[in-house]
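Enquirer:
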Amino acid sequence: MTGLMTAPVNLLDFDPAQLVAYCDSLGEKPFRAKQLQRWIHQFGASQFDQMTDLAKSLREKLATRAVVVAPSVISDHTSTDGTRKWLLDVGQGNAVETVFIPEENRGTLCISTQAGCAVNCRFCSTGKQGFSRNLTVAEIIGQLWMAEFELRRTKGIEPGPKGERQITNVVMMGMGEPLLNFEPTVTALKMMLDDNAYGLSRRRVTLSTSGVVPMIDRLAQECPVALAVSLHASNDALRDDLVPLNRKHPLRALMAACVRYLDYAPRDFVTFEYCMLDGVNDTDEHARELVALVQHGGPGGMAVPCKFNLIPFNPFPESGLLRSKNPRIKAFSQILFDAGIVTTVRKTRGDDIDAACGQLAGEVQDRTNVQERMQKMAGYKKKFGDDFGRIVEIST
Ligand code: SF4
1 MTGLMTAPVN LLDFDPAQLV AYCDSLGEKP FRAKQLQRWI HQFGASQFDQ MTDLAKSLRE
61 KLATRAVVVA PSVISDHTST DGTRKWLLDV GQGNAVETVF IPEENRGTLC ISTQAGCAVN
121 CRFCSTGKQG FSRNLTVAEI IGQLWMAEFE LRRTKGIEPG PKGERQITNV VMMGMGEPLL
181 NFEPTVTALK MMLDDNAYGL SRRRVTLSTS GVVPMIDRLA QECPVALAVS LHASNDALRD
241 DLVPLNRKHP LRALMAACVR YLDYAPRDFV TFEYCMLDGV NDTDEHAREL VALVQHGGPG
301 GMAVPCKFNL IPFNPFPESG LLRSKNPRIK AFSQILFDAG IVTTVRKTRG DDIDAACGQL
361 AGEVQDRTNV QERMQKMAGY KKKFGDDFGR IVEIST
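Mapping the sequence shown onto our numbering, position 8 (from 1) lands on 8, and the numbers just tick up by one.
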């Protein structure tokens with residue numbers, strides 16, 4: 001005994017290589033790290049005495065110096081459409097949100113990477129809160145860990161590789177700009193992809209960025225998952241206003257970074273997200289400008305292979321912005337479609353629990369007052385009409 005008390009390490013903070021190094025520091029062989037990793041990430045175990053194939057001496061060692069702890073759940077709500085949203089406590093008055101979106105053949109988890117966000121996009125309620133801090137690896141991967149095993153518990157599905165996986169896709173699209181919290185995000189991504197953890201293919205993990213150009217290049221080198229870019233504008237003047245980061249990394253540089261990324265990406269296109277804002281970025285002219293941008297805006301006038309995802313804006317009063325009308329969205333998407341660009345219109349999900357896009361953690365300050373939030377939602381509906389937060393799916 002040295003007499004020094006050290007804080008226990010949280011094993012959710014480690015990627016596979018770091019777990020091997022940690023086991024080595026305890027005098028354990030690398031295969032122990034794999035066993036440990038499977039217990040944690042495939043069986044959802046957090047107690048070492050559950051890990052029955054580990055030597056008793058190792059379990060005892062771990063119990064005195066390590067923990068497996070994800071952020072604790074403040075609230076847990078399921079929408080009428082099955083969307084489930086957790087509000088998670090990340091300490092010091094900060095909370096983040098994780099949203100599960102079930103669909104017919106897949107289950108997608110939308111993960112947050114920062115408490116708040118410094119980018120401050122004009123149409124985003126997260127951005128309006130300002131930036132609190134970066135999440136740790138344990139807080140990022142802990143969202144997947146908590147959600148996967150909580151969903152299984154709810155449905156009575158056994159943990160472990162034999163039980164039906166609930167989360168088949170992950171999108172890093174919740175609160176925060178993931179590339180401004182680069183190292184922890186990449187460490188968490190590596191764990192998502194690892195066969196002894198979640199074993200997700202790189203095609204099923206999407207990172208969404210507002211366009212941090214140098215970090216897109218780093219991601220290509222370190223962990224190239226599918227890439228989505230929050231574009232939202234067809235020219236620099238408009239994008240400077242909507243996504244302030246554009247002033248630092250303008251469209252030309254962003255398009256070039258997308259083209260470079262595709263040499264490493266698991267898919268042969270980038271997904272451009274485009275939030276449809278009434279009278280701001282949704283005219284035919286904007287659509288034609290976008291076509292020109294992606295068909296000739298790459299290096300040397302080359303095309304940027306891409307797909308568009310049009311997102312009907314979820315209005316929140318402080319934004320001063322409104323959602324484009326459905327016929328406008330349809331006309332806009334038709335122009336992209338006619339130019340040969342695959343275009344989808346995102347269906348708004350989970351609107352009755354504030355889980356729709358752009359609403360994430362809009363209520364963090366008021367995080368326990370669910371009733372009040374529901375009332376607020378009813379108020380919005382009164383003000384903006386019954387279809388507030390809803391969109392009828394439009395096929396192109
Ligand atoms: S849209 Fe994304 S990058 Fe922009 S403020 Fe919101 S969370 Fe941040």
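Backbone N, C-alpha and C fix where the C-beta goes; we use that ideal spot for every residue, glycine too.
Which residue from D284, R328, S72 puts its Cα closest to that of A339?
Expert: For A339, the nearest C-alpha among the options comes from D284.
Enquirer: If contact is defined by three or more beta carbon pairs under 8 Å, each pair taking one atom from either stretch, is the stretch 148-160 in contact with the stretch 119-137?
Expert: The answer is no - the stretch 148-160 does not touch the stretch 119-137, with fewer than three Cβ pairs under 8 Å.
Enquirer: Roughly how far, in whole angstroms, is the beta-carbon of P8 from the beta-carbon of R59, given that I think they are within contact range, below 8 Å?
Expert: At roughly 14 Å, the Cβ-Cβ gap does not stay under 8 Å, so P8 and R59 are not in contact.
Enquirer: When the Cα of Q35 is compared with those of Q129, A197, S234, which residue comes out closest?
Expert: Of the listed residues, the one whose Cα sits closest to Q35 is A197.
Enquirer: Three or more beta-carbon pairs under 8 Å between the stretch 206-213 and the stretch 228-241, yes or no?
Expert: Because the criterion of three Cβ pairs below 8 Å is met, the stretch 206-213 and the stretch 228-241 touch.
Enquirer: Taking the alpha helix (DSSP H) that I275 falls in, what are its first and last residues?
Expert: Checking the sequence shown, residue 275 turns out to be Cys, not Ile. C275 -> not in any alpha helix (DSSP H); beta strand (DSSP E) instead, spanning 270-276.
Enquirer: Regarding C258 and the ligand SF4, is the C-beta to nearest heavy atom distance less than 7 Å?
Expert: No, the Cβ of C258 stays beyond 7 Å of every heavy atom of the ligand SF4.
Enquirer: For Q143, which residues in the same chain have their Cβ closer than 6 Å to its Cβ, ignoring the five residues on either side in sequence?
Expert: Excluding positions up to five away in sequence, the list reads T98, I111.
Enquirer: When we look at the beta-carbon of M302 and count the other beta-carbons within 10 Å, is it buried (16 or more) or exposed?
Expert: Looking at its Cβ environment, which holds fewer than 16 other Cβ atoms inside 10 Å, M302 is exposed.
Enquirer: With a threshold of 6 Å on Cβ separation, who are the neighbours of S395 within its own chain once the five nearest residues in sequence on each side are excluded?
Expert: Its pLDDT being 33, under 50, S395 is placed unreliably in this model, and the value from its coordinates should be taken loosely. Cβ within range, chain order: n/a, list empty.
Enquirer: Could you check if P397 is buried or exposed, using at least 16 other CB atoms within 10 Å of its CB as the buried criterion?
Expert: Outside the modelled stretch of the chain, which goes from 1 to 396, sits residue 397, for which no answer is possible.
Enquirer: Any Cβ of chain B within less than 8 Å of the Cβ of N314?
Expert: The chain inventory of the structure shown lacks chain B, comprising one protein chain alone.
Enquirer: Report all residues for which the CB-ligand distance to some heavy atom of the ligand SF4 is below 6 Å; order them along the chain.
Expert: Having a Cβ closer than 6 Å to some heavy atom of the ligand SF4 are C117, V119, N120, C121, C124, T126, G127, M175, G176, E177, S210, S230.
Enquirer: Would you mind reading off the limits of the alpha helix (DSSP H) that contains I111?
Expert: Per DSSP, I111 belongs to no alpha helix (DSSP H) and is neither H nor E.
Enquirer: Let me check understanding here. Comparing Cα to Cα, which of I140, A138, A115 lies closest to G130?
Expert: With distances taken between Cα atoms, G130 lies closest to A115.
Enquirer: What residues in its chain sit with their C-beta under 6 Å from that of Q365, if we drop five residues either side in the sequence?
Expert: Annotation note: pLDDT 39 at Q365 (below 50); position unreliable, no value reported.
Enquirer: Can you tell me whether DSSP reads K85 as helix, strand or coil?
Expert: Strand, per DSSP.
Enquirer: Measuring straight from C-alpha to C-alpha, what distance separates V20 and P30?
Expert: For V20 and P30, the distance between alpha carbons rounds to 5 Å.
Enquirer: What are the partner residues of S230, as DSSP defines its beta bridges?
Expert: Paired residues: E273.
Enquirer: Looking at C-alpha atoms only, which residue of D53, V304, Q47 is the closest neighbour of A63?
Expert: Nearest of D53, V304, Q47 to A63, Cα basis: Q47.
Enquirer: Based on the DSSP secondary-structure assignment, which residues constitute the bridge partners of A95?
Expert: Answer by DSSP bridge pairing, in chain order: D89.
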